[in-house]
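In what follows, a structure is listed as structure tokens, so that the remarks can point back to it.
Numbering (this note's numbering), first residue to last: 266 to 482.
What follows is the structure in structure tokens.
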């Protein structure tokens with residue numbers, strides 16, 4: 266842009282040193298460019314590197330869980346032992362105590378059948394989901410693809426929550442309970458969904474739950 270950076274130089278403050286202080290010149294007079302590099306540029310670079318590492322680690326975990334469901338070529342390229350390992354990893358990630366969303370053996374069998382029944386063209390995960398729904402004979406594979414396509418892979422929801430937080434809780438309205446703050450945040454975030462809800466039904470339901478039932482003799 267051919268714009269010369271101009272950084273204002275701060276006036277150097279000379280402080281009297283005591284006799285027991287270190288006399289080495291460890292506090293050198295730094296130029297504005299050096300101060301900008303140390304206090305701003307390097308800090309921003311470190312934050313960017315840390316954020317990228319965190320994102321790639323999360324995407325690596327996501328790929329380990331759902332990598333075999335990405336597209337038809339990825340699914341068809343897996344051998345039987347590789348497909349079995351992917352199913353075991355997926356099943357262990359979504360198992361809760363003694364229950365699970367999918368059955369391990371049934372999921373493995375359904376995906377083996379899908380490897381041979383899917384068309385030869387490249388199909389995305391959404392197209393495979395439509396194929397599974399139309400076939401109506403792969404219940405566990407249907408659940409697996411629905412979980413895969415509904416899991417968020419970014420932090421957009423968290424960023425949206427923080428952007429709404431500063432609108433809800435300001436310095437003029439800083440004293441509120443955590444329950445009220447969570448409720449207002451959900452209402453503000455899910456504003457489009459809230460517009461289609463009848464408030465009269467919610468009020469009547471709340472009134473029926475909180476109604477005082479006093480019995481007078």
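Backbone N, C-alpha and C define an ideal beta-carbon position, used for all residues, glycine too.
Can you tell me the Cα-Cα spacing of residue i and residue j, whole angstroms?
i           : j           : result
residue 314 : residue 328 : 21 Å
residue 433 : residue 349 : 48 Å
residue 430 : residue 463 : 25 Å
residue 408 : residue 393 : 12 Å
residue 373 : residue 410 : 13 Å
residue 308 : residue 296 : 18 Å
residue 311 : residue 380 : 45 Å
residue 446 : residue 361 : 30 Å
residue 337 : residue 448 : 42 Å
residue 444 : residue 371 : 42 Å
residue 304 : residue 440 : 34 Å
residue 326 : residue 471 : 42 Å
residue 456 : residue 466 : 17 Å
residue 469 : residue 324 : 45 Å
residue 316 : residue 306 : 15 Å
So, under 8 Å CB-CB, residue i and residue j are touching, yes? Tell me the CB distance rounded to an integer number of Å.
i           : j           : result
residue 396 : residue 331 : The Cβ separation is near 17 Å, so there is no contact.
residue 335 : residue 390 : 6 Å
residue 383 : residue 341 : 7 Å
In chain order, what residues of the same chain have a beta carbon less than 7 Å from the beta carbon of residue i, not counting five sequence neighbours either side?
i           : result
residue 368 : 405
residue 353 : 369
residue 452 : 459
residue 365 : 356 and 359
residue 398 : 407
residue 375 : 403, 405 and 406
residue 281 : none
Between which two residues does the alpha helix (DSSP H) carrying residue i extend?
i           : result
residue 410 : 404-415
residue 313 : 307-331
residue 356 : 345-358
residue 337 : 337-341
residue 382 : 369-382
residue 445 : 443-454
residue 391 : 390-400
residue 300 : 297-301
Considering only residues of the same chain and omitting the five flanking positions on each side of residue i, which have a CB-CB separation below 8 Å?
i           : result
residue 377 : 345 and 348
residue 351 : 332, 333 and 343
residue 339 : 332 and 333
Does the region 318-325 come into contact with the region 399-415, if we say contact requires no fewer than three beta-carbon pairs (one atom in each stretch) closer than 8 Å? no
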